[in-house]
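Here the sequence shown stands for residues 1 to 210, where the numbers follow our numbering. Think of the CB as a built atom: it goes at the ideal place given N, C-alpha and C, for glycine as much as any other residue. Inspection log for the structure reproduced underneath, given as structure tokens.
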Amino acid sequence: MSSTADTPRRYAPARPARAPRHSRLTRLSHAALVLAVIVQLASSLVMRRPYGGNPGNGFFQIHEYAGLVAMAIIVVFWLNVIGRRLGTAPAALMPWFSAERRRALHADILRHIEAAKRLRLPEHDERAALPSAIHGMGLLLMTYMAASGTVWYAMTANGLGHVAFVRPMMEIHGAFGNLVWVYLFGHAALGVLQHVTSSQPLSVMWSARD
Ligand code: HEM
Ligand code: HEM
């Protein structure tokens, strides 16, 4: 069953069987983003942020600078999502603004629930609405993490760290850090599961070929 009619946008109406599903820029920016997020999560485990008169440790500096790089990668990712002609349509990643896409999402959630009741993965459908909506939420989550950190960095560097919204914004940054772990492991586990069950190889995203 196909949940949406136009989720993947393509140059040609039908993609040849061996043609890539995602553009090279999508695959490269995805790999760069994954690397940056892993550096952020790993550094967050061992960093000591500045507190009172104590300067933060070296891992905190890694977190800051790699976080700023992550912000730049996310900007490239979004520009690519908006401008590309091959790959998932932006509206499939953000289905919330279209009644038709919300209906397709609802139908796809039911399809996943039905499969789960039978302890099965739903039949693979590269146009399915639910996976794209979850990818979109993951991208929004990483955007919040990088943007809030970047705003915090700019504000504190300019002596504005005391402004009222900065503290709650960073408390949310810290709390959402847990969701980033969940997203990384959940999304990666599903990708590997699809690979081993042969419903979709990891190479759709993890390949550098043209
Ligand atoms: C994708 C980008 C990012 C991710 C995934 C990320 C992830 C995290 C995580 C998991 C924590 C630890 C939460 C905890 O254990 O309490 C954290 C804390 C923190 N991060 Fe990030 N971060 C990102 C970007 C940035 C950037 C760009 C900056 C600043 C340049 C930054 C500055 C901080 C600070 C200051 C804290 C401590 C927050 C607090 O306790 O008040 N982060 N981040
Ligand atoms: C936290 C790190 C990650 C983030 C933020 C992330 C984000 C995304 C996003 C936004 C997409 C959709 C891209 C699009 O349709 O344009 C995607 C697709 C994909 N990701 Fe990730 N990803 C992460 C980690 C991983 C890891 C570790 C793996 C592999 C083990 C992986 C495997 C895939 C695959 C195979 C797809 C293609 C799915 C499809 O076309 O149906 N991702 N990822």
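Distance CB(residue i)-CB(residue j) smaller than 9 angstroms
| i | j | result |
| --- | --- | --- |
| Ser-23 | Leu-86 | yes |
| Leu-121 | Ser-199 | yes |
| Leu-25 | Arg-118 | no |
| Gly-138 | His-106 | no |
| Gly-67 | Tyr-153 | yes |
| Met-142 | Val-37 | yes |
| His-195 | Leu-184 | no |
| Glu-126 | Ala-115 | no |
| Arg-209 | Pro-90 | no |
| Arg-27 | Met-169 | no |
Rounded distance between the beta-carbons of residue j and residue i, thought under 8 angstroms
| i | j | result |
| --- | --- | --- |
| Leu-93 | Gly-136 | 3 angstroms |
| Ala-129 | Arg-167 | Wrong, their Cβ atoms sit about 37 angstroms apart, outside the cutoff. |
For residue i, the first and last residue of its enclosing alpha helix (DSSP H)
| i | result |
| --- | --- |
| His-22 | First-last for His-22: undefined, no H or E at that position. |
| Trp-152 | 129 to 157 |
| Asn-178 | 166 to 196 |
Counting only runs of 4+ residues fully inside the region 78 to 105, write out the alpha helix (DSSP H) ranges in chain order. Every unbroken stretch of the alpha helix (DSSP H) spanning 4 or more residues and falling wholly within the region 78 to 105 is given here in chain order: 90 to 93.
Check whether the region 60 to 77 touches the region 146 to 162, counting contact only when three or more Cβ pairs, one atom from each stretch, lie closer than 8 angstroms. yes
Quick test of the definition: if touching needs 3 or more C-beta pairs under 8 angstroms, does the region 173 to 183 touch the region 39 to 46? yes
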